[in-house]
Amino acid sequence: MIDKDHFYDKSKQTDEIPEMHEEELDDVHKKDTDPGTIPSFIEEYESSIKNIFSGSSDLVIESFSTRTNKVLVGWIDGMIDKNIADRDIIAPLKSVDFNGDVAASIKSIYKTVDNIPEAVTEILNGNIAVFFDNFEKVFIVDIKQWDRRVVETPEAEGIVRGPKEGFTENIRTNTTLIRRKIKNRNLVFENMTLGRQTNTEISIVYVKGIVNKDVLKELKKRLSQIDTGAILESGHIEQLIEKHTFSPVSEIGVTQKPDVVAGLLLEGRVAILCDGTPHVLTVPELFIEHLQSREDYYNRVLYSSITQILRYLGLLITVMLPGLSVAIITYHPEMIPSAFLSNFITSTLQTPLPLAAEAFFLILMFELLKELGARLPKMVGLAITIFGLLLIGDAAVKAGIFGTPMIIIIALTGVAGFIVPNLAEFVIVYRLIFLFLGSAMGLIGIGCALFFMLVNLISSESFGIPILDSFTKYESKDGVLPFPLKTIKYRPSVLVKENKRRTKY
Amino acid sequence: MKKKWFFFFIIIIITFLFSGCWSRREPKNLSMLNSILYDVKDDGTYQLTVEVLNASGISGAQDGAGAKSSGEAIMCEGKTVAEAVSDEMKSIDKLLFEGHNKARFFSEKLATKGTAPALDLFSRDHSTDETPLIIVVKDLDPKKIYSSMTGLSDMIGNYMENLSKMQRAASSRSVFSTTLDFMKDYYEDGKEPVAGLLEISKNEGKSISDLESQNIAGSSNKENKIIYRGLAAFRNDKLVGYLDGIGARDYNILTNNIKMDIITLPTGDKYTTADIEKCKTKIKTKFENGKPIITADVKMSLVIVEEDANIDPSDMDTAEKLENAFNDYIKFEILKTVQKVQKEYKSDIFGFGSKIHKQHPADWKNIKNNWNEIFSTAKIEINVESNIVKSGENKRSFTLEEQDYDS
Chain P
1038 MIDKDHFYDK SKQTDEIPEM HEEELDDVHK KDTDPGTIPS FIEEYESSIK NIFSGSSDLV
1098 IESFSTRTNK VLVGWIDGMI DKNIADRDII APLKSVDFNG DVAASIKSIY KTVDNIPEAV
1158 TEILNGNIAV FFDNFEKVFI VDIKQWDRRV VETPEAEGIV RGPKEGFTEN IRTNTTLIRR
1218 KIKNRNLVFE NMTLGRQTNT EISIVYVKGI VNKDVLKELK KRLSQIDTGA ILESGHIEQL
1278 IEKHTFSPVS EIGVTQKPDV VAGLLLEGRV AILCDGTPHV LTVPELFIEH LQSREDYYNR
1338 VLYSSITQIL RYLGLLITVM LPGLSVAIIT YHPEMIPSAF LSNFITSTLQ TPLPLAAEAF
1398 FLILMFELLK ELGARLPKMV GLAITIFGLL LIGDAAVKAG IFGTPMIIII ALTGVAGFIV
1458 PNLAEFVIVY RLIFLFLGSA MGLIGIGCAL FFMLVNLISS ESFGIPILDS FTKYESKDGV
1518 LPFPLKTIKY RPSVLVKENK RRTKY
Chain R
49 MKKKWFFFFI IIIITFLFSG CWSRREPKNL SMLNSILYDV KDDGTYQLTV EVLNASGISG
109 AQDGAGAKSS GEAIMCEGKT VAEAVSDEMK SIDKLLFEGH NKARFFSEKL ATKGTAPALD
169 LFSRDHSTDE TPLIIVVKDL DPKKIYSSMT GLSDMIGNYM ENLSKMQRAA SSRSVFSTTL
229 DFMKDYYEDG KEPVAGLLEI SKNEGKSISD LESQNIAGSS NKENKIIYRG LAAFRNDKLV
289 GYLDGIGARD YNILTNNIKM DIITLPTGDK YTTADIEKCK TKIKTKFENG KPIITADVKM
349 SLVIVEEDAN IDPSDMDTAE KLENAFNDYI KFEILKTVQK VQKEYKSDIF GFGSKIHKQH
409 PADWKNIKNN WNEIFSTAKI EINVESNIVK SGENKRSFTL EEQDYDS
C-alpha cells in the first residue's frame, strides 16, 4: 500500500499538481467515495459529487425545489436525451401536482442505488441521477443518448455475397446485431467492466449448449486476471489474454461482421464485444479460419472450393515465393526452364545488388507503400501511390536498380498476401525467414524454414485447442475444403463437445 | 530464459557462418552454355566450340520483354576433353554453367575416332547434364553449324531442342538420343548406341521475313541451313555409318519409337500415301542349331491420306489388296535397312541382342562376347501386318473416274 500521508505531504510541499500513478488514483477515488452512504443534505450531495468529478466541466448538476423538498439532478452533458429528461423527470417533479411520491412521478423506468460510488458509475455510463433531500436512495434513469456512428459496411472485410452490415463502436448496437442473427434464448451475453481508468464495458457472448465449456472457463479466467488501466480497443484485450506473445501465429480472431460472429458462435466459439470498437474478438481461433471466408458458406460449393484452393495457393505464394525463387535461382539454376534463367541473366546484368538483397529491399518497399496507403488521407494517398508505382515499377527498372523478374515476383507475393489479410503478421515474419534461410542455404534453407513454420503451427494452440486440429478431424466435413451444406450434419468436433449434431436427422 | 535465447542466436549465427554462401551463384555471373561442339584436330588435340548466351549484346536488356538473346561461339583446345573445357576460362569472364546445355555435337572425325573420352567426362563430372541430345555433324567443317539458320530460335542449342520437340511429334525419320540414352546403350549388352544425324547445306532460298525486315534474330540471312534427318550408328563408342530418313524410320519401327510418320507406296507410276496411326513391334527370338533366329512382328494401323492411283480404298477388296501391297513394301524396306546394318556396319543398333538376353539368358552367355559378329550373319525375319483403318474423310478420290461414281 502507498503511504497516503506521505503522498499528500509531498504534494503540499512542492505545491504542484501531484503526479498520480494508477494505484494512487484508485486510492483518491476510494477516499472520496469512502462515506459510501448518501448524505442527507442536498448541498452535501452537490459538493460531494463535484469533488468526485474534480469540478469537470462536462458534469451538469442542477438543483431545484419541488413543492415538498429540494431535488438535485446530475448527468454528463451530451450523454443523455435532454428532451426526455425534461418531459419525464424534471417536469413531473416541478409540477404543482407533485406530492412527494417520487416513484410515481418519474415517468420513465428507473432503478435506485444507495451509495455515492454506484451513483457516480451510473452517471459515467450516461444515466441521469436524481437526488432528493432527506431520502436515502438515488434514482437512476436510463436515458442514454449520444452521437453514434450508424451501422455501415466495414471497409476492411469486403464481400460480394452476404450481409453488408458491420459492427459499430456502440456495444448495445453490436449485441443487437448478434441477437438479430441468432434469435435463441440460449444466446447469452455476460457483461464485465475492464480497465480501472476507462471502465470499459465488455460482453462475453456464447450459445449455451453449444459453446466449448473449457474454452469459456479459460477465457473467463484470463479476463478476470486482466489488471490494466485502459481498454480502448479490443486489441488491448487481445494482447492481455493471449498466451504466446511472441508467436507470429495469432490465437484470437478479429472480425467486424455480425454474420461471421454468429457463424462462429454456432460452431462453439466465444465472442468478446468491447465497447468503443467495432472489432469483435472470437476465441478459439483455428488456422483454417484465415483460409476461409464466410462467403464460402453462402456461395455454391464448387465455386467456394476453387476460391478456397486459391487461398491455400495464395498463402504458399505469399510466404514462400521470394525465398524459394532466390534459393532456386542462386543455388539450383538447373531447376528452372532455360528461357526463365536466360531472362533472369539478361535483366539482372546491370543491377548492382545480389538477388536476395533485391528481394529484401523490394519487400521493404512494398510494405512501406502498403503502410502508406493505409495511413495517408485518401486524397494524398492516391498521389503517393501513383508516385510509388512509378518509382518501383518503371523508374527503378530503367535506372538499373532492380531487375524486372524480381519486381514481378515481389508484386505477386504482395498481391497474394491480400488473399489472407488476417495472417499479415504470420506472413511477413515467415516471408523474411524463408528469404534469409533460402538465400543463405538454398533449398536446404527453404526446408529448414518450412520445418520451423510447421513446428510453430503444429505446436500453436488457442485456448487449449491446437490450431491445426481442424485438418485432422473429418466428421464435421468442414475442414480442408468446403462441403455441400446438405452433407454437413455435425458441428466441428474440435470445438463442440455436446449437441454435436446440427440437423435433426 | 535468457540463456535459451542466447543459444538460439548462437545457433542461427553458426548456421549462417557454416553453411556459407559459397555455392551461391548470382544469375548475372553465369554464362549459360547452350550447345557444345566436340571436334578433334589431326594431331589429336581436342577442339571445343561452346555456344554461350550473350546477354550483354542484347540491346535494351533492361526492358526484359522484347529483348532477343543471341549466342556467342567460343573456341578452345586441349589434349583431353577436360583440358579443353577448362581452357574456356581463358576468354569467358563468367562462370560456365552447363545445367541448361541443349545439345552436344560431335564432329564426324571425333565420332569415328571414339567418343569415349567425352563420355567419360560427362559421367564423372557432377556439373554436366545427361539431358542434352547427342548429334553427329556429318560435315567436314562442323563449325558451320554456328553460321546456320536457326529459324525463330536464338541459338543453335535452343533450335535443336525446339526442332526435336517438333519432329518427335510429327515425324519419325530421325532419332533423339540424349546423353543418358547414349550412355545406357553404350553400357547395355546387345544394344549399340545411335545418335542424331545433322547435315549442313547451303542456305539458298532467303526467307520472306528477310525481304521484309531484318529483325528476326538475324537468322534468315545466315549462309547455311541445318538438315536433321536420319541417324548415326555406333559400335561401342565409334561411329560406323549412317542411315537415311527411311532407315531411321525403320529403326524407329523396330524399336517401337514411332509417333507419327507417313509411308508412300508406289502403285504403278503413281503413289498411295498412308499415315502410320499406330505401330507395335514384337521381337521374338529363338535358337536353331545354336544360331539365333530373330523374328520381328510389326502391326500397323494405317490411314490413307492421299491416293493418286485411281483406286478406291473404301472398297473392301481394294483395301485388302492395298494392305498386302503395304505389307510387302514395308517388309522390303525394313529388311533393306536391317541388312545394310548387318552387313556394312556390323553393329546391333536395334537391340536384338538385349532381347535374346532377356528371352534366352542361358544361351546369351555363350554368344555375348562376339555378338556383333553373330548379329551380322543372324537370320532376321520381318512380318508386317498392316491394317487400313480409315480411308480419309471423303468418300471417293478426286482422281477417280466420274463413271465409277455414277455406277
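Each protein sequence line maps, in turn, to chains P and R.
The first sequence begins at 1038 in our numbering and counts up by one.
The second sequence begins at 49 in our numbering and counts up by one.
For every residue, glycine included, the Cβ atom is placed at its ideal position computed from N, Cα and C.
Check your understanding: Do you know how far the Cα of Thr160 of chain R is from the Cα of Leu313 of chain R?
Key -> Counting from one through the second sequence, the residue named residue 313 of chain R turns up at place 265. Counting from one through the second sequence, the residue named residue 160 of chain R turns up at place 112. Cα to Cα, the separation comes out at about 35 angstroms.
Point to revise | Contact between the region 215-235 of chain R and the region 193-206 of chain R (3+ Cβ pairs under 8 angstroms) | key: Contact between the region 215-235 of chain R and the region 193-206 of chain R is absent, with fewer than three C-beta pairs closer than 8 angstroms.
Check your understanding: Roughly how many angstroms lie between the CA atoms of Phe380 of chain R and Tyr299 of chain R, to the nearest whole one?
Key -> Indexing the second sequence from 1 puts residue 380 of chain R at position 332. Indexing the second sequence from 1 puts residue 299 of chain R at position 251. The C-alpha of Phe380 of chain R lies about 14 angstroms from the C-alpha of Tyr299 of chain R.
Exercise for review: Please list the residues of the region 147-159 of chain R that have a C-beta atom closer than 7 angstroms to any C-beta atom in chain P, keeping them in chain order.
Suggested key: Listed by position, the residues of the region 147-159 of chain R near chain P (Cβ gap below 7 angstroms) are Gly147 and His148.
Check your understanding: Could you give the uninterrupted runs of the alpha helix (DSSP H) lying entirely in the region 1193-1266 of chain P, keeping only those of 4 residues or more?
Key -> The qualifying runs are 1208-1218 and 1250-1261.
Check your understanding: Where do the ends of the alpha helix (DSSP H) carrying Ala132 of chain R lie?
Key -> Taking the second sequence and counting its residues from 1, one reaches residue 132 of chain R at position 84. In this chain, the alpha helix (DSSP H) harbouring Ala132 of chain R covers Val129 to Asp135.
Check your understanding: How big is the Cα-Cα spacing for Lys330 of chain R and Asp345 of chain R?
Key -> Position 282 of the second sequence, counted from the first residue, corresponds to residue 330 of chain R. Position 297 of the second sequence, counted from the first residue, corresponds to residue 345 of chain R. Those two C-alpha atoms are separated by around 5 angstroms.
Exercise for review: Run down chain R in chain order and give the residues with a C-beta less than 9 angstroms from the C-beta of Pro1359 of chain P.
Suggested key: Here residue 1359 of chain P refers to the residue found at position 322 of the first sequence. Correct list: empty, because the minimum Cβ distance to chain R is about 15 angstroms.
Review point. DSSP beta-bridge partners for Ala1166 of chain P?
Key: In the first sequence, the residue the question calls residue 1166 of chain P occupies position 129. Ala1166 of chain P is bridged by DSSP to P:Gly1111 and P:Ile1177.
Practice item. Let me know if Leu96 of chain R comes out buried or exposed under the rule of 16 or more other beta-carbons within 10 Å of its beta-carbon. Key: Indexing the second sequence from 1 puts residue 96 of chain R at position 48. So Leu96 of chain R ends up on the buried side.
Check your understanding: Listed from N- to C-terminal order along the chain, which residues in the region 1368-1394 of chain P have their beta-carbon within a distance smaller than 8 angstroms of any beta-carbon of chain R?
Key -> Listed by position, the residues of the region 1368-1394 of chain P near chain R (Cβ gap below 8 angstroms) are Tyr1368, Pro1370, Glu1371, Ser1375, Leu1378, Ser1379, Asn1380, Phe1381, Ile1382, Thr1383, Ser1384, Thr1385, Leu1386, Gln1387, Thr1388, Pro1391 and Leu1392.
Exercise for review: Check distances from the C-beta atoms of the region 79-90 of chain R to those of chain P and list, in chain order, the residues that come in under 7 angstroms.
Suggested key: Per Cβ criterion, the list reads Met80.
Point to revise | Residue from P:Ala1411, P:Asn1171, P:Val1197 and P:Leu1409 with nearest C-alpha to Tyr1335 of chain P | key: Taking the first sequence and counting its residues from 1, the one referred to as residue 1335 of chain P is at position 298. Considering only alpha carbons, the answer is P:Val1197.
**Study point:** C-beta neighbour in chain P for Ala103 of chain R, strict 8 angstroms
**Key:** Locating residue 103 of chain R in the second sequence gives position 55, where the first residue counts as 1. So, interface residue.
**Study point:** Chain-ordered neighbours of Ile1366 of chain P on chain R, where CB pairs are closer than 8 angstroms
**Key:** For this step, residue 1366 of chain P is matched to residue 329 along the first sequence. For Ile1366 of chain P, the C-beta contacts it makes with chain R under 8 angstroms involve Pro75, in order along the chain.
Point to revise | Proximity test, Cβ basis, 8 angstroms: Phe458 of chain R and chain P | key: Shown here, chain R extends from 49 to 455; a query on residue 458 of chain R therefore has no answer.
Review point. Is Leu188 of chain R helix, strand or coil when you go by DSSP?
Key: Start at 1 with the first residue of the second sequence, and residue 188 of chain R comes out as number 140. DSSP places Leu188 of chain R outside both helix and strand once states are collapsed to three, so it counts as coil.
Review point. Any idea if Gly1454 of chain P is buried or exposed, counting beta-carbon neighbours within 10 angstroms, 16 or more meaning buried?
Key: Counted from its first residue, the first sequence places residue 1454 of chain P at position 417. Gly1454 of chain P should be labelled buried.
Exercise for review: Note down, in chain order, all residues in the region 133-148 of chain R with a beta-carbon under 7 angstroms from any beta-carbon belonging to chain P.
Suggested key: When CB distances to chain P are screened at a threshold of 7 angstroms, the residues of the region 133-148 of chain R falling below it are Phe145, Gly147 and His148, in chain order.
Practice item. Compare the C-alpha of Asp1506 of chain P against each of P:Phe1488, P:Ile1525, P:Leu1487 and P:Pro1529 and name the closest. Key: Walking along the first sequence from the start, residue 1506 of chain P turns up at place 469. Taking Asp1506 of chain P as reference, the option from P:Phe1488, P:Ile1525, P:Leu1487 and P:Pro1529 with the minimal CA-CA separation is P:Pro1529.
Exercise for review: Measuring alpha carbon to alpha carbon, tell me which of R:Ala130, R:Trp412 and R:Asn304 ends up nearest Phe37 of chain R.
Suggested key: Outside the displayed range of chain R (49 to 455) lies residue 37 of chain R, so it cannot be described from this structure.
Practice item. Kindly list, in the order they appear in chain P, the residues whose Cβ is closer than 7 angstroms to that of Arg72 of chain R. Key: As a working mapping, residue 72 of chain R is identified with position 24 in the second sequence. Thr1367 and Tyr1368, listed in chain order.
Review point. When the distance is taken between beta carbons, is Asp1184 of chain P closer than 8 angstroms to Phe1078 of chain P?
Key: One-based indexing of the first sequence puts residue 1078 of chain P at position 41. One-based indexing of the first sequence puts residue 1184 of chain P at position 147. Cβ distance not < 8 angstroms, so Phe1078 of chain P and Asp1184 of chain P don't count as in contact.
Practice item. Following the continuous beta strand (DSSP E) through Ile310 of chain R, name the residue where it begins and the one where it ends. Key: Reading the second sequence from its first residue, position 262 is the one you call residue 310 of chain R. Taken as a continuous stretch (DSSP letters only), the beta strand (DSSP E) holding Ile310 of chain R covers Asp309 to Thr315.
Check your understanding: Helix, strand or coil: how does DSSP classify Gln407 of chain R here?
Key -> Counting from one through the second sequence, the residue named residue 407 of chain R turns up at place 359. Helix at Gln407 of chain R.
Check your understanding: With distances taken between CB atoms, is the gap from Thr1190 of chain P to Ala103 of chain R smaller than 8 angstroms?
Key -> Working through the first sequence from its first residue, we reach residue 1190 of chain P at position 153. Working through the second sequence from its first residue, we reach residue 103 of chain R at position 55. Not in contact: Thr1190 of chain P and Ala103 of chain R (Cβ atoms no closer than 8 angstroms).
Exercise for review: Please work out which residues of its chain come closer than 6 angstroms, Cβ to Cβ, to Thr343 of chain R, disregarding the five sequence neighbours upstream and downstream, and give them in chain order.
Suggested key: Translated into the one-based positions of the second sequence, residue 343 of chain R becomes position 295. So the qualifying residues of the chain are Lys332 and Glu429.
Review point. Should Tyr319 of chain R be labelled buried (16 or more other beta-carbon atoms within 10 Å of its own) or exposed?
Key: As a working mapping, residue 319 of chain R is identified with position 271 in the second sequence. Tyr319 of chain R is exposed by the Cβ-count criterion.
Exercise for review: Under 8 angstroms by Cβ, that's how I've got Ser196 of chain R and Lys270 of chain R pegged, so tell me the actual separation to the nearest angstrom.
Suggested key: Counting from one through the second sequence, the residue named residue 196 of chain R turns up at place 148. Counting from one through the second sequence, the residue named residue 270 of chain R turns up at place 222. About 6 angstroms separates the Cβ atoms of Ser196 of chain R and Lys270 of chain R, confirming a contact at the 8 angstroms cut-off.
Practice item. Would you list the one or two residues that DSSP bridges to Gln95 of chain R? Key: Looking up residue 95 of chain R in the second sequence gives position 47. Residue pairing for Gln95 of chain R: DSSP places it in a beta bridge opposite R:Asp87 and R:Glu125.
Practice item. Ignore the nearest five residues each way along the sequence and tell me which others in Thr303 of chain R's own chain have a CB closer than 7 angstroms to its CB. Key: As a working mapping, residue 303 of chain R is identified with position 255 in the second sequence. Spatial neighbours of Thr303 of chain R in its own chain (CB-CB distance under 7 angstroms, excluding positions within 5 residues in sequence) are listed in chain order as Phe398 and Gly399.
Point to revise | Any beta strand (DSSP E) of 3 or more consecutive residues that is wholly inside the region 1289-1373 of chain P | key: Taking only runs of at least 3 residues, the beta strand (DSSP E) segments lying wholly in the region 1289-1373 of chain P are 1290-1292, 1307-1311 and 1317-1320.
**Study point:** Ile1208 of chain P and Gly1163 of chain P closer than 8 angstroms at C-beta
**Key:** If you number the first sequence from 1, residue 1208 of chain P lands on position 171. If you number the first sequence from 1, residue 1163 of chain P lands on position 126. Going by C-beta atoms, Ile1208 of chain P is not nearer than 8 angstroms to Gly1163 of chain P.
Point to revise | Residues near Gln1050 of chain P by beta carbon distance below 7 angstroms, same chain, minus five either side | key: Indexing the first sequence from 1 puts residue 1050 of chain P at position 13. Annotation note: pLDDT 43 at Gln1050 of chain P (below 50); position unreliable, coordinate value reported separately. Counting only Cβ-Cβ distances below 7 angstroms, and skipping sequence neighbours, we find nothing.
**Study point:** Range of the contiguous beta strand (DSSP E) that encloses Thr1149 of chain P
**Key:** Within the first sequence, the letter at position 112 stands for residue 1149 of chain P. Start and end: Tyr1147 to Val1150.
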